[in-house]
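Visitor: Just so you know, the sequence shown maps onto residues 34 to 309 in the working numbering.
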Amino acid sequence: MTGSIAALPAAAPQASAGPATLDIRNLSLTYKTSTREVLAIRNLSLSVQAGEFVSIVGPSGCGKSSLLKIVYGLVAASTGSVTMSGTPVTGPRRDIGMVFQAPVLLPWRTILENVLLPADVLKLDRDAMRTRAHDLLEMVGLKGFEHVYPDELSGGMQQRAGIVRALIHDPKLLLMDEPFAALDALTREQMALELQRIWMSSGKTVLFVTHSISEAVLLSDRIVLMSARPGTLLAEYETPRERPRSFDDLSSPRMAELSKAIRRGLNEASTRHDAR
Ligand SMILES: Nc1ncnc2c1ncn2[C@@H]1O[C@H](COP(=O)(O)OP(=O)(O)OP(=O)(O)O)[C@@H](O)[C@H]1O
Ligand SMILES: [Mg+2]
C-alpha cells in the first residue's frame, strides 16, 4: 500500500455530506426456509453516533452478517427498525458502503469496472471517480490489476477490491463484514492501519464485524459483544480516546486489560451456546 486517503479527490458533494447516525431498535430476524425457521437475531438494539467506529464481535453464526445485511437494506427485519440519520432504512441506500464477508465481484466486469459500480449506479462524475478508483486501488496494493477479471485474483486481492468498491462513492456509513479475513497477517495489519487513517481523515460512521479482538481494539471507539444465536447484545466495551493507535499500543496495560475482558466475554458467549 503506497497511498493514503488524504491524497484522494473527494467524491461527489451530494454523497459526502457528514457522517450518518444509526439507530437499530428491537430488531429480530427469523429466516424461513422450506424446511425450517431460524431465529437469527432477537431483540437487538444499538445506537451509533455520527462518526463513531463500532466493532461487533460474537460467536460464529450469531447473526453478525445478518445484522449488517439488514442495516444495508438487503434483508428485511422480522420486527424492529433501522433508522439512518433519522430516515428508516427500508431497502438498499446510496449513502451506505458495504464490504461483504465473501467478496461479491461481478465476473464479467474488470476490477476497475467492478469498483466503479456504485459510482455508475449513482451516476457520479466518471472522470473524478476513475481517478479516485485508481488511487484507492493503488492504496490497497492492486495497482496494475485494474483491467483484469476477478477470477484472475486471489481471494485476498478480491477482498481488497471489495473494500475499494465500498469506499468509491465516499459513503456516510461504512459496513464492513470481516473485511480482512482472507488477507495474510502482515497485509491485514497494514489494511487495518489504512482503515484507521481513512476513518480519521474522512470521519465516516463505521460498523465493523471482526473475529479479531486486536483489530477491534485498534480501530474502535466502542466494541459490542453479541450473544450466540439468536444474537442480541450482551456487553459493550469503550476504548481509550487516543488516536492514531498502533498494534504496539495494544500491549499497554489498559489495552491489554480491555482485550482480556473482551476475550473473556466472547468465551462466555460461545460456551453458553455450546451448553444449549
Ligand atoms: N439465507 C439464510 N437462510 C437461512 N438461514 C440463514 C441464512 N443466512 C444465515 N442464516 C442463519 O442465521 C444464523 C446467523 O447467520 P450469520 O451469517 O448472520 O452469522 P455470523 O454471525 O455472520 O457468523 P460468522 O461469524 O460465521 O460469519 C446462522 O444460524 C445461519 O445458519
Ligand atoms: Mg458472518
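Each residue gets a CB set at the ideal place from its N, CA and C atoms; glycine is no exception.
Since residue 184 sits in a beta bridge, which residues does DSSP pair it with?
Guide: As a position in the sequence shown, residue 184 is number 151, starting the count at 1. Residue 184 is not bridged to any residue.
Visitor: Residue range of the alpha helix (DSSP H) that residue 159 falls in?
Guide: Numbered from its first residue, the sequence shown carries residue 159 at position 126. Note, residue 159: alpha helix (DSSP H), 159-172.
Visitor: Residue 73: beta carbon under 6 Å from a heavy atom of ligand 1?
Guide: Locating residue 73 in the sequence shown gives position 40, where the first residue counts as 1. Result yes, Cβ under 6 Å from ligand 1.
Visitor: Out of 85, 167, 74, 217, which has the shortest C-alpha to C-alpha gap to residue 229?
Guide: Locating residue 229 in the sequence shown gives position 196, counting from the first residue. Comparing Cα-Cα distances from residue 229 to each of 85, 167, 74, 217, the minimum goes to 85.
Visitor: Quick one: is residue 261 buried, meaning 16 or more other Cβ sit within 10 Å of its Cβ, or exposed?
Guide: In the sequence shown, the residue the question calls residue 261 occupies position 228. Residue 261 is buried by the Cβ-count criterion.
Visitor: With DSSP run on the structure shown, which of helix, strand or coil describes residue 88?
Guide: One-based indexing of the sequence shown puts residue 88 at position 55. Correct three-state label for residue 88: strand.
Visitor: Based on the DSSP secondary-structure assignment, which residues constitute the bridge partners of residue 331?
Guide: Residue numbering for the chain in the displayed model covers 34 to 309; residue 331 lies beyond these limits and cannot be assessed.
Visitor: Between the beta-carbon of residue 215 and the beta-carbon of residue 188, is there less than 7 Å?
Guide: Along the sequence shown, one-based indexing puts residue 215 at 182. Along the sequence shown, one-based indexing puts residue 188 at 155. Going by C-beta atoms, residue 215 is nearer than 7 Å to residue 188.
Visitor: Heavy atom of ligand 1 less than 6 Å from the Cβ of residue 97, yes or no?
Guide: Within the sequence shown, residue 97 is the residue found at index 64, counting from 1. It does: the Cβ of residue 97 is within 6 Å (strictly closer) of some heavy atom of ligand 1.
Visitor: For residue 297, is the classification buried or exposed, using 16 other Cβ atoms within 10 angstroms of its Cβ as the cut-off for buried?
Guide: Indexing the sequence shown from 1 puts residue 297 at position 264. Residue 297 is exposed by the Cβ-count criterion.
Visitor: Could you check what DSSP says for residue 250 in three-state terms: helix, strand or coil?
Guide: Position 217 of the sequence shown holds residue 250. Of the three classes helix, strand and coil, the one that applies to residue 250 here is helix, per DSSP.
Visitor: Between which two residues does the beta strand (DSSP E) containing residue 137 stretch?
Guide: Position 104 of the sequence shown, counted from the first residue, corresponds to residue 137. No beta strand (DSSP E) holds residue 137; DSSP gives it neither H nor E.
Visitor: Could you check the C-alpha separation between residue 131 and residue 289 for me, to the nearest Å?
Guide: Sequence index remark: in the sequence shown, residue 131 carries index 98 (1-based). Sequence index remark: in the sequence shown, residue 289 carries index 256 (1-based). If I take the Cα positions, the gap works out to 30 Å.
Visitor: Kindly indicate which residue of 102, 83, 53 has the alpha-carbon position closest to the one of residue 64.
Guide: What you label residue 64 is simply residue 31 of the sequence shown in a count that begins at 1. Here the closest residue by C-alpha is 102.
Visitor: Do you know how far the Cα of residue 182 is from the Cα of residue 166?
Guide: For the purposes of this step, residue 166 is taken as the residue at position 133 of the sequence shown. For the purposes of this step, residue 182 is taken as the residue at position 149 of the sequence shown. Whole-angstrom Cα-Cα distance: 16 Å.
Visitor: Is residue 234 helix, strand or coil by DSSP?
Guide: On the sequence shown, residue 234 is found 201 positions in, with the first residue counted as 1. Note: residue 234 maps to helix in three-state DSSP.
Visitor: With distances taken between CB atoms, is the gap from residue 136 to residue 192 smaller than 7 Å?
Guide: Within the sequence shown, numbered from 1, the residue matching residue 136 stands at position 103. Within the sequence shown, numbered from 1, the residue matching residue 192 stands at position 159. Yes, the Cβ-Cβ distance between residue 136 and residue 192 is below 7 Å.
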